[in-house]
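Presented below is the structure to which this report refers.
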Amino acid sequence: MNAHSWAFEIDLQIFALKQTHKAPDSSQLSHLESCSSLLSSRPWTSASFNESSSLKAYHHYEYFLSTVPSVLGEWGANTIRVAKRLPQPQPDLPALLQGLTYFSYTAVFPFFNHSQIVLDAVMEMRNLERLDVQLAPCQGNRITEIEQRGPMDPNDPWMELTTSYSLVGYTVNNLENLKEFRCNDLHVEAMRDDIIAILKDVITDQSWTHDGEGTWRRS
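Numbering (full-length UniProt numbering), first residue to last: 1 to 219.
The structure is reproduced here in structure tokens:
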């Protein structure tokens with residue numbers, strides 16, 4: 001985690017990896033000793049990350065200056081280091097991300113500047129064919145109502161969400177091999193039309209069509 005972890009109070013994050021081919025038996029795993037990371041241990045093709053909620057951080061003054069504790073934040077920052085030719089903790093990271101064809105990102109109201117760092121990592125997934133994104137609580141979840149009892153401007157999380165979706169749309173538009181994008185936040189009736197409008201405005205490639213229920217497909 002990082003120096004701002006106290007502001008988020010995140011107890012758990014879930015990162016799941018899958019591969020297309022059957023895993024080898026233990027006798028064929030001797031190469032793991034030389035692996036630099038979990039990503040390089042096998043030819044992963046699918047990854048899902050649940051980053052948990054950033055809501056508690058909204059209670060703090062200038063919350064947007066806090067750094068969300070997240071492995072994806074590190075990966076996105078790594079791509080920036082590559083571009084600027086700065087020292088990297090894991091120089092082979094972009095090549096490892098390029099093996100992924102499916103990625104799912106779930107978070108609750110991440111700051112838009114953090115979303116950009118996450119999407120910097122997603123942009124390195126050059127062979128990605130499907131992207132799923134959820135940035136609001138699940139239907140029936142009362143976490144927003146509970147947290148609003150504290151010193152938080154209730155408009156801030158939604159402002160960050162809509163700005164984040166404009167960045168998501170830009171990323172979708174620029175992933176050349178992406179065939180399907182799913183927005184899993186249209187259950188929020190108050191924001192449904194706004195989210196659709198933002199994505200339609202940013203996803204300008206005419207080959208994309210929306211089914212009206214949150215799934216965009218490229219023909």
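Each residue gets a CB set at the ideal place from its N, CA and C atoms; glycine is no exception.
Residue i: first and last residue of the uninterrupted alpha helix (DSSP H) it sits in
i, result
"His-114", "112-123"
"Leu-199", "189-202"
"Leu-161", "155-174"
Cβ neighbour criterion (16 or more within 10 Å) applied to residue i
i, result
"Thr-209", "exposed"
"Ile-80", "The pLDDT assigned to Ile-80 is 45, lower than 50, so where the model puts this residue is not dependable; a value taken from the coordinates is nonetheless given after this. Exposed: under 16 other Cβ atoms inside 10 Å."
"Asp-211", "exposed"
"Cys-138", "exposed"
"Ser-115", "buried"
"Phe-103", "buried"
"Glu-51", "buried"
"Tyr-58", "buried"
"Ala-47", "buried"
"Ala-136", "buried"
"Glu-189", "exposed"
"Pro-154", "exposed"
"Met-1", "Legend: pLDDT at Met-1 = 48, less than 50; position of this residue unreliable, value from coordinates given subsequently. So Met-1 counts as exposed."
"Ala-16", "exposed"
Identity of the residue in the options nearest residue i by Cα
i, options, result
"Pro-110", "Ser-104, Glu-129, Leu-161 and Trp-75", "Leu-161"
"Ala-95", "Thr-171, Trp-75 and Gly-212", "Trp-75"
"Ile-117", "Ser-48, Tyr-63, Val-168 and Gln-98", "Val-168"
"Arg-126", "Thr-67, His-114, Gly-99 and Pro-154", "Gly-99"
"Tyr-165", "Leu-65, Val-68, Phe-49 and Asp-193", "Asp-193"
"Gln-13", "Ser-46, Thr-106, Trp-44 and Arg-218", "Thr-106"
"Ser-219", "Leu-72, Asp-132 and Glu-176", "Glu-176"
"Arg-182", "Leu-17, Tyr-63, Met-191 and Glu-213", "Glu-213"
"Met-159", "Asn-174, Leu-97, Thr-204 and Ile-198", "Ile-198"
"Thr-204", "Ser-52, Asn-174, Ala-57 and His-187", "Asn-174"
"Pro-43", "Ser-53, His-59 and Gln-19", "Gln-19"
"Leu-97", "Val-133, Ser-40 and Leu-55", "Ser-40"
"Glu-124", "Arg-217, Thr-171 and Phe-15", "Thr-171"
"Leu-128", "Ser-66, Met-152 and Thr-101", "Thr-101"
"Ser-70", "Glu-62, Tyr-61 and Asp-11", "Asp-11"
"Thr-163", "Thr-45, Lys-179 and Asn-113", "Asn-113"
"Leu-186", "Glu-180, Leu-178 and Ile-195", "Ile-195"
"residue 220", "His-60, His-21 and Lys-200", "With the chain running from 1 to 219 in the structure shown, residue 220 is simply not present."
Bridge partners - residue i, DSSP secondary structure assignment
i, result
"Thr-215", "Arg-182"
"Ser-53", "Val-108"
"Leu-17", "Ala-47"
"Tyr-102", "Ser-46 and Arg-130"
Element boundaries [beta strand (DSSP E), containing residue i]
i, result
"Trp-208", "208-210"
"Arg-130", "130-134"
Chain B within 8 Å of residue i, Cβ atoms only
i, result
"Ala-57", "Although the question refers to chain B, the structure presented lacks it and comprises just one protein chain."
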